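Numbering (full-length UniProt numbering), first residue to last: 1 to 469.
First comes the structure, then the notes that go with it.
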Amino acid sequence: MVAADFVVVANRLPVDRVEGPDGEVGWRTSPGGLVAALEPMMRNVNGAWVGWAGQADTEMEPFENGGINLIPVPLSASEVAEYYEGFANDTIWPLYHDVIAPPQYHREWWDAYETVNRRFAEAAVAAVAQDGTVWVHDYQLQLVPQMVRELRPDVTIGYFHHIPFPAHGLYAQLPWRDQVLRGLLGADVIGFQRAQDATYFLTAVRRRLRYEVKGAHVTVLEADGSTRTAVARAFPISIDTAPYIELAQREDVKARAAEIRASLGNPARILLGVDRLDYTKGIRHRIKAYGELLAEGRLKVEDVTLVQVASPSRERVDAYVHLRDEIELAVSRINGDTDTMGHTAIRYLHQGYPREEMVALYLAADVMLVTALRDGMNLVAKEYVATRADNRGVLVLSEFTGAADELRQAVRVNPHDIEGVKDAIMTAVEMSPSEQSRRMRSLRRRVLDNDVDAWSSSFLKALAEVHPR
Ligand code: F6P
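Structure below.
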């Protein structure tokens, strides 16, 4: 493979390798917002994408998929357990999401994290051309920027952090807090979702490393005593709006939306939740609030249905196993107490769906519930807004999502405040068409004017300014 001028490094490749029951190999789009956001940009550049194919103990040669050059990084089964399920998803993930679940600190996990980060850095360095650019993504790879810089000082390095960065009082718990800050500061530009994340990061840099910080600029002290400037600021990520708008106009997708409504008994209002099954998403809080509204008679099962899509995620991490049990118990209790033969309170789907079906669901839904306890951005909120060309529909949005900084005309909620969530659901269910339209118009303007192209262009522009060629 020829050296690439532009290399993306992310934990996952855009596709996961899957094996069927007879051993046949197939490819499936990887979960999560990161891949959805980066894929469109990568189709338009002559670059390469370094990442894991989602299966342990599988060595693979670089290959092309959907017009993108993919460079697989292998992980052993123990590395999947210690680096991915362990340090990334049971240490950093809960710590960076405000300790909603208790983070586990294990030295062997840290060792595996360092080893695997080095492997990703070496793969990126082998792929990138002289004076090229490496763009590293997310919390699984926080050490890669510094490792790339040490191996290849000619390369321009960007890092984008897709999840929140915690306040210093929490960040300070991390036994490897200084190493992680130095790892990130290997980048020329360190991007965050919210201004608040960048502020927290800069505070940690000032307090832990004592580097000079002026505005978004950090004076990084290198091991040889030299200094250089790194920039840390917010670049709120977005979606590729065009496919959502196009799908929402397609007659077959509209027909599918009508079919979904009919199959639920044509309730007056359909509420929708779409999340990876993750404790950060506030699914339990949403279901609790909705269940109480039904129990109190403020909502009637004949009039409303909540469709909750909870796509399977990180199923071998204990906190996720427990969460699934809790949610499924809560759903079956509410359904058992309230369902009739013709109407169900909650249609719960522990499955992932292709984009067509998601857009049909968005079109079918009168109210979109995004009640995350903490979320870097939440692209589902933006997807819903992008599909609502008729300016109908209401977005209920947690103030603890990155999206809340931008989507000011949503009905805002504090998901911890169950009475507040109940009132927000009622406000949404009862909102007049003219009020829906006034709010949705403004939300759509914001999302359509700030799509994923605008996000990647602004990040790459900042990178070019710090490291001009
Ligand atoms: O967007 C946050 C994120 O954690 C990505 O980094 C990740 O790829 C995605 O969600 C899905 O999670 P996972 O890769 O662990 O299945």
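Ideal placement from N, C-alpha and C gives every residue a C-beta, glycine not left out.
Since the structure is predicted, the reported quantities are computational estimates derived from the model, not experimental observations.
Evaluate residue 42 with the Cβ neighbour count: other Cβ atoms within 10 Å of its Cβ, from every protein chain shown; 16 or more gives buried, anything less gives exposed.
-> Here residue 42 is taken as the residue at index 42 of the sequence shown, counted from 1. By the 10 Å Cβ count, residue 42 comes out buried.
DSSP three-state call for residue 377: helix, strand or coil?
-> Indexing the sequence shown from 1 puts residue 377 at position 377. In the structure shown, residue 377 sits in coil (DSSP, three-state: anything other than H, G, I, E or B).
For residue 12, count neighbouring Cβ atoms within 10 angstroms of its own Cβ and tell me buried if that reaches 16, exposed if not.
-> Position 12 of the sequence shown holds residue 12. Counting Cβ neighbours within 10 Å, residue 12 comes out buried, since at least 16 surround it.
Within the same chain, show all residues whose beta-carbon is closer than 7 Å to that of residue 17, passing over the 5 residues directly before and after it, in chain order.
-> Within the sequence shown, numbered from 1, the residue matching residue 17 stands at position 17. 25, 27, 53, 54, 55, 58.
If you draw a straight line from the C-alpha of residue 47 to the C-alpha of residue 124, how long is it?
-> Reading the sequence shown from its first residue, position 47 is the one you call residue 47. Reading the sequence shown from its first residue, position 124 is the one you call residue 124. Each residue's Cα considered, the two are about 11 Å apart.
The ligand F6P heavy atoms versus the CB of residue 11: any closer than 7 Å?
-> Counting from 1 along the sequence shown, the entry for residue 11 is found at position 11. Flag set: Cβ of residue 11 near the ligand F6P.
In terms of residue numbering, what span does the beta strand (DSSP E) encompassing residue 368 cover?
-> As a first step, residue 368 is located in the sequence shown; it is residue number 368 there, counting from the start. 367-370 is the extent of the beta strand (DSSP E) around residue 368.
Neighbour-count burial assignment, residue 433, 16 or more Cβ in a 10 Å radius = Looking up residue 433 in the sequence shown gives position 433. With fewer than 16 other Cβ atoms within 10 Å, it is exposed.
For residue 216, three-class secondary structure by DSSP | As a first step, residue 216 is located in the sequence shown; it is residue number 216 there, counting from the start. Three-state result, residue 216: coil.
Determine the direct distance from the alpha carbon of residue 446 to that of residue 438, and round the result to whole angstroms.
-> Sequence index remark: in the sequence shown, residue 438 carries index 438 (1-based). Sequence index remark: in the sequence shown, residue 446 carries index 446 (1-based). Going from the Cα of residue 438 to the Cα of residue 446 covers about 13 Å.
For residue 74 versus residue 49, is the C-beta distance shorter than 8 Å?
-> Locating residue 74 in the sequence shown gives position 74, where the first residue counts as 1. Locating residue 49 in the sequence shown gives position 49, where the first residue counts as 1. It is not a contact, given that the beta carbons lie outside the stated cut-off.
Skipping 5 residues on each side, what residues in its chain have a beta carbon closer than 6 Å to that of residue 92?
-> The residue labelled residue 92 in the question sits at position 92 within the sequence shown. Result list for residue 92: 139, in chain order.
Taking residue 80 as the reference, which of 194, 70, 95, 117 has the closest Cα?
-> Position 80 of the sequence shown, counted from the first residue, corresponds to residue 80. It is 117.
Residue 406, DSSP secondary structure in three states = Numbered from its first residue, the sequence shown carries residue 406 at position 406. Coil at residue 406, not helix or strand.
Could you check the C-alpha separation between residue 148 and residue 155 for me, to the nearest Å?
-> For this step, residue 148 is matched to residue 148 along the sequence shown. For this step, residue 155 is matched to residue 155 along the sequence shown. Cα to Cα, residue 148 sits roughly 8 Å from residue 155.
Starting from the C-beta of residue 285, find all residues in its chain whose C-beta is less than 8 Å away, skip the five residues before and the five after it, and write them out in chain order.
-> As a first step, residue 285 is located in the sequence shown; it is residue number 285 there, counting from the start. Beyond the five residues adjoining it in sequence on each side, residue 285 comes within less than 8 Å, by CB distance, of 371, 373, 415, 416, 418, 421 in the same chain, given in chain order.
Three-state secondary structure (DSSP) of residue 22 | By 1-based counting over the sequence shown, the position of residue 22 is 22. The answer is coil: DSSP assigns residue 22 none of H, G, I, E or B.
Compute the distance between the beta-carbons of residue 241 and residue 451, then report whether it is under 8 Å.
-> Here the question's residue 241 lines up with position 241 in the sequence shown. Here the question's residue 451 lines up with position 451 in the sequence shown. Closer than 8 Å, so yes.
Could you say which of 398, 215, 316 lies nearest to residue 273 if we only look at CA atoms?
-> Here residue 273 is taken as the residue at index 273 of the sequence shown, counted from 1. Nearest of 398, 215, 316 to residue 273, Cα basis: 398.
Taking residue 132 as the reference, which of 61, 105, 2, 226 has the closest Cα?
-> The residue you call residue 132 lines up with position 132 of the sequence shown. The shortest Cα separation from residue 132 among 61, 105, 2, 226 belongs to 2.
In angstroms, rounded to a whole number, what distance separates the CA positions of residue 478 and residue 327?
-> Residue 478 lies beyond the range of the chain shown here (1 to 469); nothing can be said about it.
Less than 8 Å separating the beta-carbons of residue 298 and residue 366?
-> Within the sequence shown, residue 298 is the residue found at index 298, counting from 1. Within the sequence shown, residue 366 is the residue found at index 366, counting from 1. In this structure, residue 298 lies away from residue 366, with their beta-carbon atoms at least 8 Å apart.
In chain order, each alpha helix (DSSP H) run of at least 4 residues that lies wholly inside the stretch 179-253 = 195-204, 241-249
DSSP bridge partner residues for residue 72 (one or two, in chain order) | Taking the sequence shown and counting its residues from 1, one reaches residue 72 at position 72. Looking at the DSSP assignment, residue 72 forms a beta bridge with 51.
Are the stretch 344-362 and the stretch 250-260 in contact at 8 Å, needing three or more beta carbon pairs?
-> Remark: three or more beta-carbon pairs, one from each stretch, lie closer than 8 Å, so the stretch 344-362 and the stretch 250-260 are flagged as touching.
Starting from residue 101, follow the beta strand (DSSP E) in both directions and report where the run begins and ends.
-> The residue labelled residue 101 in the question sits at position 101 within the sequence shown. Neither: residue 101 is in no beta strand (DSSP E) and is coded neither H nor E.
Tell whether a beta-carbon distance below 8 Å holds between residue 108 and residue 85.
-> As a working note, residue 108 is residue 108 in the sequence shown. As a working note, residue 85 is residue 85 in the sequence shown. No, the pair does not count as a contact, with Cβ atoms beyond the cut-off.
Compute every distance between the C-beta of residue 163 and the non-hydrogen atoms of the ligand F6P, then say whether any falls below 7 Å.
-> Position 163 of the sequence shown, counted from the start, is the residue given in the question as residue 163. Because some heavy atom of the ligand F6P lies under 7 Å away, the Cβ of residue 163 counts as near it: yes.
So, are the CB atoms of residue 219 and residue 229 less than 8 Å apart?
-> Sequence index remark: in the sequence shown, residue 219 carries index 219 (1-based). Sequence index remark: in the sequence shown, residue 229 carries index 229 (1-based). A contact, by the Cβ cut-off of 8 Å.
Please name the residue or residues paired with residue 276 in a DSSP beta bridge.
-> The sequence position of residue 276 within the sequence shown is 276, counting from 1. Partner(s): 311.
Looking only at C-alpha atoms, which of 448, 233, 211 sits nearest to residue 225?
-> Along the sequence shown, one-based indexing puts residue 225 at 225. It is 211.
Cβ-heavy atom distance, residue 75 to the ligand F6P, below 7 Å = The sequence position of residue 75 within the sequence shown is 75, counting from 1. No, since every heavy atom of the ligand F6P falls outside the 7 Å radius drawn around the Cβ of residue 75.
Pull up the distance between the alpha-carbon of residue 440 and that of residue 343, whole angstroms please.
-> Start at 1 with the first residue of the sequence shown, and residue 440 comes out as number 440. Start at 1 with the first residue of the sequence shown, and residue 343 comes out as number 343. Approximately 29 Å, taken between the alpha carbons.
Within 7 Å: the Cβ of residue 31 and any heavy atom of the ligand F6P?
-> Counting from 1 along the sequence shown, the entry for residue 31 is found at position 31. Yes, the Cβ of residue 31 comes within 7 Å of a heavy atom of the ligand F6P.
Does the ligand F6P have even one heavy atom less than 7 Å from the beta-carbon of residue 378?
-> Here residue 378 refers to the residue found at position 378 when the sequence shown is read from its first residue. Result no, Cβ not under 7 Å from the ligand F6P.
At 3 residues or longer, and completely inside the stretch 99-153: list those beta strand (DSSP E) runs for me, N to C.
-> Taking only runs of at least 3 residues, the beta strand (DSSP E) segments lying wholly in the stretch 99-153 are 128-137.
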